[in-house]
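Comments concern the structure below.
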DNA sequence: CATGAATGAGAGTTCATTCAT
DNA sequence: GATGAATGAACTCTCATTCAT
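Residue numbers (the UniProt record's numbering), protein chains in the order written: chain A, 1 to 211; chain B, 1 to 211; chain C, 1 to 211; chain D, 1 to 211.
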């Protein structure tokens, strides 16, 4: 009689393989770049042999694409749902979404995907298109929609949507790149935490710089 | 009237070679990344043979470093001089500097160097330190100084310096990455020009989003 | 009766590879010199592809070093043992050792290593030191000891040790170089075999040239 | 009226060029080996530019051959003349010739040629044949002739010519290789000078080792 | 004639990918 | 399915040789 409860460890491992490989690929691609990461390293980090990687992904390129696809659009939907059911002032929602994005995406591994997409966009045009369609444009539409809501309700001044969207996205991107490119080498010293910085930037954005 | 006896072509070429090679390297490294660019391609684009590259730069790494050094620190000094001799409201100066930086650095070839530094920082820690010392920190100090001036003169509200600096830099970096990563593939459709966008973002920053 | 189930060929090859590569390297380095031998040739002679060589030795230099270490110091110990357990006249022992060394080292592939060490000593100072420590000095000590024994027992005249050691080693080295440098091209015609020549030289050494 | 006494310095240089180049080539080929010596190094050492070398010798190979030819057979003739006109015991003549060869050939630059011929014989078969014809065989014939003279006059025992010739040449070759391969790196310590060693070896050869 | 900038064939080395075990 | 030994295309770099100046 086969065990009813747990799968055999070997089986469990096997099911987890693709995810483990994608995680390893993500970490290494972000840290060292796509070209500078050897496929054997990815396999080793996932705890398997070189050849095993190729049982799951037919090439390094495909591994990269799978890794990007796996780690992208997840949080966009969440944020959209949050936005849809929100009532009251938009400013607070935005602040909340910014912090949530940073905590879940920017600061974590998914943030690395954003960095690496910027870098490799030229080498993976189809992926770049995919990224724009699935990430950039939905995000811009989501934020753009919020700004329109805020303007309609009178919470916000009449501002150009496109520029405002850019201005809201830019700080997070900046922080992300600082973190993933120069972050952990003690090269970059900040007096405020990332969260404090983002919050302060949001306040500035809302109230403006002029006295 | 041009000189009747020009320098011998051979000699003229020799003097121009380093610059030609650096230009070729810049273009290719920005377009394809450091690792994905073959040194022979750089030579070919500069119109010379493979071996000639190595007469001027002892390795691909050194070529990269030279290319970075060549294209950085040039415009920092200019901006600092502009700021030092400026009188009157800071806001206008900032707008002006933003546009100037975009025109001279962000939009042009030097902007590509910023992108590529993000990518290769981890692979060239020594160069990353150089970049932070020569580019990032001076820029932050320059902009931070302007904000302090504005606050002392009463032009600006009392704002946290660090967050404000980040918020001023972020839009330019964002635009730069859009341009250099997704720009010339028709993937990214904008309704405003880069200059208009930056200007609109500056206005937003000054006046704030809230009604 | 051979075993019915032999080890898998793939595995068998793997165990044999280092030795096969060292043998190929020895043959080619001796024949053509270190620099003139392409690493791909070594691989080809060992029956593998270029890349395979680098799975076993990280560089051509390391391959060379491994090849030298592999082929030295082996026979010194044998000779020393032979000498230690010998009783009776030294002259016979010397004659015997000379012939043994020629048969096992000088004439064979190991002899080529001696030749190649002469050539490459300047390019591998660390290896030259190793060779002096492991081969030259032990040999000199061994032979010097025998001469002292012969002098103490009254078999030999009172002779200067150092000069005598040199004089005993020289003929073998000379023969070795003749063989490995001009040998198999039909350039060098001898009327006596190497063994006869060495024996005759030994006799001469013992009895002297004068009437 | 042209100068009667000295040629113009430029002219003097030009005439000396070939010799200077050959000297430089000799020194470097002996020190580093043929393959490891770059032709530019040879030119630099001769105080000319890379291209100039090729005005005198059409290739690195030809330079090598010229260098060998230049430095070979010179002293054989001298020794032969010395031998021809010698009267009295052969032993003294041999001792004298040995010392003279060491002083003029073995120890000096020509000695290096002998070393490098051993090494490169396989890569330059025609040169090897030339070397055998012009150096090895005349030397052997010269020494062989002396031994025959000594035997005929009763000064020497009846010995096998070939073996005796080898035995007389071997010590010098041994010394030469020690000197040129391991010599100037402090790796090889001797208590006697080369001249003393050769003299002691000659005595040993004459009187034999046995009591 | 001398020069040295330029060349490009060729060598060492790496690593994505394959496939026998 | 998993493995890792083997492969060879591709890449960086060197250096003998050429030739315009």
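Even glycine gets a Cβ: it sits at the ideal position worked out from N, Cα and C.
Simplified DSSP assignment, three categories, for residue i
i                     : result
residue 172 (chain B) : helix
residue 82 (chain D)  : helix
residue 53 (chain A)  : helix
residue 210 (chain C) : strand
residue 38 (chain C)  : coil
residue 212 (chain A) : It is not possible to answer for residue 212 (chain A), since the shown part of chain A is limited to 1 through 211.
residue 9 (chain C)   : No answer about residue 9 (chain C) holds up, because its pLDDT of 48 lies below 50 and its placement is not dependable.
residue 4 (chain B)   : Because residue 4 (chain B) carries a pLDDT of 39, less than 50, the predicted location of this residue cannot be relied on, and no value is offered for it.
residue 97 (chain D)  : helix
residue 190 (chain C) : coil
residue 30 (chain D)  : helix
residue 135 (chain D) : helix
residue 160 (chain D) : coil
residue 123 (chain C) : coil
residue 74 (chain B)  : helix
residue 48 (chain C)  : coil
residue 199 (chain C) : helix
8 Å contact criterion, which residue i and residue j should meet: CB distance rounded
i                     : j                     : result
residue 26 (chain C)  : residue 159 (chain C) : Actually they are not in contact, since the Cβ atoms of residue 26 (chain C) and residue 159 (chain C) sit about 37 Å apart, beyond 8 Å.
residue 66 (chain A)  : residue 53 (chain A)  : In fact, because the Cβ distance is near 11 Å, the residues do not count as touching under 8 Å.
residue 134 (chain C) : residue 73 (chain C)  : 5 Å
residue 90 (chain D)  : residue 141 (chain D) : Not a contact, Cβ separation roughly 15 Å.
residue 21 (chain D)  : residue 49 (chain D)  : That pair is no contact at about 12 Å.
residue 33 (chain A)  : residue 143 (chain B) : The pair is not a contact, with the Cβ atoms about 29 Å apart (cut-off 8 Å).
residue 128 (chain D) : residue 35 (chain C)  : Contact flag wrong, Cβ pair sits at about 18 Å.
residue 180 (chain A) : residue 115 (chain A) : 5 Å
Residue range of the unbroken alpha helix (DSSP H) whose run includes residue i
i                     : result
residue 178 (chain B) : Run containing residue 178 (chain B): none; DSSP gives neither H nor E here.
residue 105 (chain C) : Neither: residue 105 (chain C) is in no alpha helix (DSSP H) and is coded neither H nor E.
residue 68 (chain B)  : 60 to 71
residue 153 (chain D) : Counting along the chain, residue 153 (chain D) falls outside any alpha helix (DSSP H), and DSSP gives it neither H nor E.
residue 89 (chain A)  : Note, residue 89 (chain A): premise wrong, no alpha helix (DSSP H); not H, not E.
residue 119 (chain B) : 109 to 120
For residue i, the nearest candidate out of the options (CA to CA)
i                     : options                       : result
residue 199 (chain D) : C:163, C:189 and C:74         : C:163
residue 105 (chain D) : D:153, D:203, D:79 and D:20   : D:79
residue 209 (chain C) : D:147, D:123, D:172 and D:196 : D:147
residue 31 (chain A)  : A:193, A:183 and A:50         : A:183
residue 69 (chain A)  : A:117, A:15 and A:175         : A:117
residue 166 (chain B) : A:126, A:81, A:204 and A:180  : A:204
residue 194 (chain C) : C:206, C:174 and C:211        : C:174
residue 202 (chain A) : A:191, A:155 and A:171        : A:171
residue 178 (chain A) : A:36, A:51, A:107 and A:17    : A:107
residue 63 (chain C)  : C:24, C:100 and C:99          : C:24
residue 71 (chain A)  : A:81, A:130, A:60 and A:93    : A:130
residue 123 (chain A) : B:29, B:56 and B:94           : B:29
residue 207 (chain C) : D:57, D:75, D:157 and D:181   : D:157
residue 97 (chain A)  : A:211, A:168, A:161 and A:191 : A:168
residue 126 (chain B) : B:57, B:211 and B:61          : B:61
residue 57 (chain C)  : C:17, C:88 and C:86           : C:17
Identify each residue in the UniProt domain "HTH tetR-type" (15 to 75) of chain B for which the Cβ-Cβ distance to at least one residue of chain A is less than 7 Å, and report them in chain order. Taking a C-beta cut-off of 7 Å against chain A, the contacting residues of the UniProt domain "HTH tetR-type" (15 to 75) of chain B are 31, 32, 33, 35 and 36, listed in chain order.
Residues of the region 162 to 186 of chain A in Cβ contact with chain B at a cutoff of 7 Å, in chain order, please. Listed in sequence order: 162, 163, 164, 166, 167, 169, 170, 171, 173, 174, 177, 181, 182 and 185.
Could you run through the region 195 to 207 of chain D and flag, in chain order, every residue whose CB is less than 7 Å away from some CB of chain C? Residues of the region 195 to 207 of chain D that bring their beta carbon within less than 7 Å of a beta carbon in chain C comprise 197, 200, 201, 204, 205, 206 and 207, in sequence order.
By the 7 Å beta-carbon criterion, what residues does the region 105 to 122 of chain D contribute toward chain C? Hits within the stretch, in order: 118, 119, 121 and 122.
Of all the residues that make up the region 132 to 161 of chain A, which are near chain B by a beta-carbon distance shorter than 7 Å? Legend: CB atoms of the region 132 to 161 of chain A lying less than 7 Å from CB atoms of chain B belong to residues 132, 154, 155, 156, 157, 159 and 160.
Near-chain B residues of the region 87 to 106 of chain A - C-beta to any C-beta below 8 Å: Look at the region 87 to 106 of chain A: the residues with a C-beta under 8 Å from a C-beta of chain B are 91.
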